[in-house]
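Only one structure is covered here, and it is reproduced in the block below.
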Ligand code: AN0
Ligand code: CP
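In my numbering, the protein residues as written are 96 to 406.
What follows is the structure in structure tokens.
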């Protein structure tokens, strides 16, 4: 594998999921693969799981890890040809080449502005690192995608499914702050590429990018959508059409034990209790969010392993 910036970098998704499950059984089996190799992780935004699970994954493979919270470094410029006489101190052209000399793989987390739709869609930060770095890039959640999360989600479904083709529903939930569409986008893309019966439910106005949801059935009636579901992935995202806006905080869309009706509850975390989902769900056997978060390690580890094998 040359990079992991979206799920389409994976050749064979079902095989990748199986290999991740094998790594989970023997996490130190490839302890020598990463000897004398360094992962640099760049964070433009906060993280708990991605930061720790990716570091753990790298260490399981014997790699060294260095982390930079980019806000502690110089303000980076991403536009070409700018006269840099204002806030930005260093261009990504230099920064990416310099960091590449200190590392064998660079992982980047950079959320969207949620203000400028075209700019977010252009993935300027992620793509600048892909363009100017001289080592492979891993996406730790960019403006529009979170492919490490959706790989962990697919691993979790594979581990827990009771039928060959489980019914999986992505259900929008309310949230007081405007959140990215990235987790939902990557989850949709992943579900289209594994053997599940997949649908989405959200209020009108929360349609995701139609290029991503093409051929997926979308329901505005949550109750109908959730009928006979095996897995319910609950997640908030801000409006894509009325870009970056919170157009509804309707608490009726919160996930409850009643609505789940026996299905497994999934969420990428962090989650706001009693806004996105009620306590009764998170504190019950129906919730698999802790297992999902654990699988972040093996998702990252299989990705790093494939990249290391190709260095
Ligand atoms: C982020 C999001 O929704 O994209 C990160 C989730 C992994 N969530 C928040 O900012 C709460
Ligand atoms: N799910 C996830 O990516 O969590 P963090 O934002 O804490 O990394």
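Where is the CB? At the ideal position from N, CA and C, for every residue including glycine.
Bear in mind that the values here come from a model prediction, so they are computed numbers and not experimental data.
Item	Value
Three-state secondary structure (DSSP) of residue 99	strand
Where residue 290 sits in the DSSP three-state scheme	coil
CB-CB length for residue 352 against residue 225, believed under 8 Å	Not quite, the Cβ-Cβ distance comes to about 43 Å (not below 8 Å), so this is no contact.
Residue 224 - DSSP class collapsed to helix/strand/coil	helix
Any non-hydrogen atom of the ligand CP within 8 Å of residue 391 CB	yes
Candidates 127, 342, 201 and 221: closest to residue 333 by CA position	342
Element boundaries [alpha helix (DSSP H), containing residue 402]	384-404
Option nearest residue 223 by Cα separation, candidates 235, 188, 250 and 245	188
Ranges of the beta strand (DSSP E) found wholly within the region 240-298, counting only runs of at least 3	262-267 and 292-296
Interface flag, residue 177 vs chain D, CB-CB below 9 Å	The structure shown contains no chain D; it holds only a single protein chain.
Sub-9 Å separation of residue 250 and residue 124 beta-carbons	no
Residue 368, DSSP secondary structure in three states	strand
Residue 400 and residue 163 closer than 9 Å at C-beta	no
Three-pair Cβ contact test at 8 Å for the region 126-145 versus the region 198-209	yes
Any non-hydrogen atom of the ligand CP within 8 Å of residue 244 CB	yes
Residue 195: first and last residue of the uninterrupted alpha helix (DSSP H) it sits in	187-196
N-terminal and C-terminal residue of the beta strand (DSSP E) that residue 312 is part of	312-314
Where residue 112 sits in the DSSP three-state scheme	helix
Meets three-Cβ-pair contact criterion under 8 Å: the region 283-301 and the region 366-384	no
Counted within 10 angstroms of its Cβ, other Cβ atoms place residue 361 as buried (16 or more) or exposed	buried
Residues that DSSP places opposite residue 133 in a beta bridge	159
Coarse secondary structure for residue 359, derived from DSSP in three states	strand
Pairwise C-alpha distance: residue 169 and residue 245	31 Å
Close-in-space but distant-in-sequence residues of the same chain around residue 105 (CB under 7 Å, 5 per side omitted)	111
Outcome for residue 346 when other beta-carbon atoms lying within 10 angstroms are tallied against a minimum of 16	exposed
Residue 397 versus residue 404 - alpha carbon distance	11 Å
Rounded separation between residue 209 and residue 152 - CA only	30 Å
Proximity winner among 325, 120, 233 and 293, relative to residue 146 (alpha-carbon distances)	233
Status (buried if at least 16 other CB within 10 Å, exposed otherwise) for residue 176	exposed
8 Å contact criterion, which residue 216 and residue 241 should meet: CB distance rounded	Residue 216 to residue 241, Cβ: 15 Å. No contact.
Straight-line gap, residue 386 to residue 265 (C-alpha atoms, nearest Å)	18 Å
Rounded straight-line distance, which links the Cα of residue 366 to that of residue 109	28 Å
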